[in-house]
Structure formats: structure tokens, C-alpha cells
Amino acid sequence: MVRIKHLREALRSFSGERSGNVIILFAFAILPMVGFAGALIDYSRAANVRLQLNAAADAAALAAVSQNAMLKSLADAKTDAEKIFDADASEYKSTVQNRTVTLENIGLGRSVKVTYTATVPVNVMNLVGIQTVAVTGNASASGARAPFIDFYLMLDNSPSMGVAATTAEITRMEEATKSVRQCAFACHDLSNPNNFYKKAKEIGVQMRIDVVRKATQELTDTAKTTATLPQQYRMATYTLGASCKGKKLTEIQSLTTSMETAKASASAIDLMTIPYDGYNSDQCTDFDKAMTDINGIIPNPGDGSSKTSPQKVIFFVSDGVADFANSGGCSKKLSGTRCQEPIDTQFCNSIKSRGVKIAVLYTTYLPLPSDSWYNTWIKPFQAQIPKNMEACASPGLFFEVGINQGISEAMTALFQRVVTKAYLSN
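So the sequence shown is numbered by my numbering: it starts at -16 and just counts up by one.
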């Protein structure tokens, strides 16, 4: 009985002891807590690796569409992008299982996608049979390549472009001609050896055509410095004709990649001559025919992605007033068969419908309020002249330059606008 009593007391004493139960319960609880903390450490390391590899992928993608890369072939750009990824991911080279750089050119656009897969070794998670954590990522980017463009300069050299270039020059010209006929225009009348064109040259008055000539030469310099590819731009130059007699679109320079050649030939740009004062009732500005003729000269445009597929742009500089025989389709009142009107935009539309762009530099038509001819025939539609010139231009490629503003600066600004639009629209 004594032994049984002692056994009962021992059991009662053990069952009443609480500290052993706590230790056992804590032992069971801490195992998953330690495992969870270890997993967090392993996953945090994997997340850091993914962050670094994502940065490497971003750098590779952006490099593939950088300005320098866009000048390279797809194969070379791909190789460079792979090298950049590998260099930036060198610390984690052993974890990267695969990386792929995919590039594609569509027209002037280039897209790139960089993808990778990696496996990051773990430590604590080994205890539950997990050896690695998989990490994947990708990066994409796109850019535009520099376009190849053929520029066709169509320069209005009709008698109205013989006006003095600034208000100060107009005053000088009027003062120099007041003994004969006070005039702001330097008409190139071949029948008169003392014509106003000669007078302007003698006294050093700059005419608009002089400024256009100089601006054209400076434009070739701009094209040369803007180009990022060999033979990226070609340029041809035309005027409305050397003479009002038998006037026709006249080639000053055929299409050339040499901006030096284009600059030198531009020295031949000059005011249209007239056989004598009042020849052909001064009908010397036929935009309809000029637009039709240049449309026939320009081949179908390409997308600008190569030398053999250049975009086509007409660079049209004019004061915007037609003056020609057109008894059947003039939009304004006639003087006999003489039609004086703003440019007819349907001829511009025929060109643009082929994908040829038209950049228009409108040299503001000079109002002459003291001139009865101007007041009768031009003033009624003066406000419509710039509207039609803008409608002739392709969207965003219109620029107006006033009587005292710089034509050269305007031509340069319009050229840059053409090039920028070529990038953005492709």
C-alpha cells in the first residue's frame, strides 16, 4: 500500500509541474517561426537579385534604341545590348540561366525587348527541400531612326519677289526711283538698261530674292550639320522660270547628296526677267503649272528607312499670289483673262495625296495701300493669302515670315520642323 501511495504522489507532482509544458510548447512553436524567418531572408535575397537584373535589362533595352544604336544594324545593336546586360548583371552571372534580346525595325521605328530567367540559391529553405528560387523579368523600349529625306526646293522668283526686303530698304528703293516712278519693286526689265533691278544692285538694296538666295545657301549648311547618317539628305532646287517669256519650272540644281554642290549652284537663283515693262500683262506667276510640273518630277516617296526609300518633301517659298492667264477657273475676278488669286490648294492636295510632304514658307505679301492696282485686285483677298498657303502645307509644316523678319532663320526653323515631324510621324 505504501508503494502505491508513493507512486500516486509522484504522478500527482509531475502533473502539477507547468514549466515543462511551456518548454515543450515553445519548442514546437519556434520551429515554424525560424523556418518562416529563414524563408523571408531567402526571398529577400531573391528579390534583390531580381531588382538588379531588372536594372540591367532596362539599361540594355534603352541602349538598343539610343541615338548611337539607331545608326547601327539590328545585329550590332543586339550584340551591344547583350554586352550591357552581361556587364551590369556580372555580380549575379552564376544565377542567370538565360537572357534574350529581341529587336525589330518597322519603317523608321525600332522596338526592343529584353527578357531573362535566373535561379537564386537559398540557405534556410534547404531544410524543407527547396534548393533555389526562380526569378524572371523583362524590359521593353522603342525609338525612331533618323529618316532619309529628299528635299525639292521650289522658290518663287517671280517679279513680286523683287520687292525690297525690309521697310528700310523699301524706303531707300522708293527714294532712288522717285524721279522716274516711285517703286518698291526692282523689276528686271531687259528692254531698259536702267531698269530698277539694276538700280537696286547699284545702291545695294537687298531684294527678297537676294535674301531667299542667301537663305537657300545657308539651308544647305544646316542640312549638312543636321545629318546623322551618310547621304541622309538630298537636295534639288527649282525656280518658277528664268524669264516670264516661256516661263516654266526651271531646274537650278538636280537632286544631289552634296550640300556643297547645292550651295554653290544656289548662287544662280535670281529674279525672273521680263522682256519689257508690262509684258504679257504681268502674268508671270503660274503656281498651278509649277505644282503640276514638280509633281511629275518627284517619284513616289518611301518611308525614309534607307537611301533607296527616302521621304519626299517640297520646300515651297513664296508670297502666295498667283498671276497668270486663267479665264476658266479663276477664284477671283478677272481682268480680261488675267487671274490674280491666292494659290489654288487643289494642286497642293494632288501632291500630298501621294504621300509627298509640302513645307511652306510664306513670305508675307507686302500691302501697298497707296497703289491703285493693289487696292483693286489684291487687297480684297489679302487676308486669304496666308490661309491658302497654310492649307497648301502638310500639317505642322507652315511658317510665315514678315517683311522685317529673317527669311534665313525662318527657312532653318522650317527645315528643323520637317525633320522633327519625320521622326514623330513614323
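We put the CB at the ideal spot given by N, CA and C, even for glycine. Quantities reported herein were computed from a predicted structural model and do not represent experimental measurements.
* To do: Pull up the DSSP beta-bridge partners for D71, would you.
  => Bridge partners of D71: none, in fact.
* To do: May I ask which residues mark the beginning and end of the beta strand (DSSP E) holding L344?
  => K340 to T346
* Which of helix, strand or coil DSSP assigns to C322 -> Strand at C322.
* To do: Please work out which residues of its chain come closer than 6 Å, Cβ to Cβ, to A12, disregarding the five sequence neighbours upstream and downstream, and give them in chain order.
  => With a pLDDT of 49 at A12, under the threshold of 50, the modelled position of this residue cannot be trusted; read the value that follows with caution. Excluding sequence neighbours, A12 sits near nothing in its chain.
* Asked: Less than 6 Å between the CB of I153 and some heavy atom of the ligand NAD, yes or no?
  -> For the ligand NAD, the structure offers nothing, since it holds no ligand at all.
* **Neighbourhood of A273 by C-beta distance below 6 Å, restricted to the same chain and skipping five residues each side** => Within the same chain, A273 has close Cβ partners L223 and L232.
* **Option in E87, V188 and S226 with minimal Cα separation from S141** => Checked all of E87, V188 and S226; the closest Cα to S141 is S226.
* To do: For the region 270 to 289 and the region 342 to 349, state whether three or more C-beta atom pairs, one from each stretch, are separated by less than 8 Å.
  => no
* To which residues of the same chain is A251 closer than 8 Å at the C-beta, ignoring the five residues directly before and after it? -> Spatial neighbours of A251 in its own chain (CB-CB distance under 8 Å, excluding positions within 5 residues in sequence) are listed in chain order as I235.
* Pick helix, strand or coil for R337, following the three-state DSSP scheme. => coil
* May I have the straight-line CA-CA distance separating K96 from G120, to the nearest angstrom? => 11 Å
* **Nearest-angstrom beta carbon gap, D276 and F330 [assumed within contact, 8 Å]** => About 10 Å; that fails the 8 Å criterion.
* To do: Would you please state the rounded distance, in angstroms, between the beta carbons of V296 and K340? I believe it to be under 8 Å.
  => 5 Å
* Would a C-beta distance cut-off of 7 Å place I132 and P282 closer than the cut-off? -> No; because the gap between Cβ atoms is not below 7 Å, this pair is not in contact.
* To do: Give every residue of the same chain whose Cβ lies closer than 6 Å to the Cβ of T320, excluding the five residues on either side of it in the sequence, and list them in chain order.
  => Excluding sequence neighbours, T320 sits near A308 and S310.
* To do: Would you grab the beta carbon distance between G303 and N358 for me? Rounded to a whole angstrom, and I think it's under 8 Å.
  => Going by Cβ atoms, the distance from G303 to N358 rounds to 18 Å, so no, they are not a contact pair.
* Quick one, are the C-beta atoms of S391 and A198 less than 7 Å apart? -> With respect to the 7 Å criterion, S391 and A198 are classified as neighbours on the basis of their beta carbons.
* Asked: In whole angstroms, what separates the C-alpha of A39 from that of I368?
  -> 56 Å
* Of the residues D354, M144, F134 and I386, the one placed nearest T203, counting alpha carbons only -> F134
* To do: Return the chain-ordered list of same chain residues with a C-beta closer than 6 Å to the C-beta of V384, the five sequence neighbours on each side being excluded.
  => T346, I390 and A393
* Give me whichever residues DSSP pairs with F179 in a beta bridge. => Per DSSP, none; premise fails for F179.
* Continuous alpha helix (DSSP H) stretch holding Q367: start and end -> Q367 to C375 is the extent of the alpha helix (DSSP H) around Q367.
* Roughly how far, in whole angstroms, is the beta-carbon of D41 from the beta-carbon of A122, given that I think they are within contact range, below 8 Å? -> 5 Å
* **Under the three-state DSSP convention, the category Q399 falls into** => helix
* R128 - containing alpha helix (DSSP H), residue span -> R128: not part of any alpha helix (DSSP H); DSSP gives it neither H nor E.
* Asked: Mapping DSSP to helix, strand and coil, what is N106?
  -> coil
* Beta-carbon separation (whole angstroms), A47 vs V84, contact threshold 8 Å -> 7 Å
* **Proximity winner among Y180, K61, S355 and D306, relative to Q323 (alpha-carbon distances)** => D306
* Asked: Would you report the Cα separation of V5 and I24, rounded to the nearest angstrom?
  -> Per-residue confidence for V5 stands at a pLDDT of 48, beneath the threshold of 50, marking its modelled position as unreliable; the derived number appears in the next sentence. For V5 and I24, the distance between alpha carbons rounds to 28 Å.
* Closest to A249 by CA distance: which of Y259, S237 and I153 is it? -> S237
* L254 versus F299 - alpha carbon distance -> 16 Å
* Asked: Looking at the unbroken alpha helix (DSSP H) that takes in I257, where does it start and where does it end?
  -> For I257, there is no enclosing alpha helix (DSSP H), since its DSSP letter is neither H nor E.
* To do: Using three-state DSSP, classify I235 as helix, strand or coil.
  => Strand at I235.
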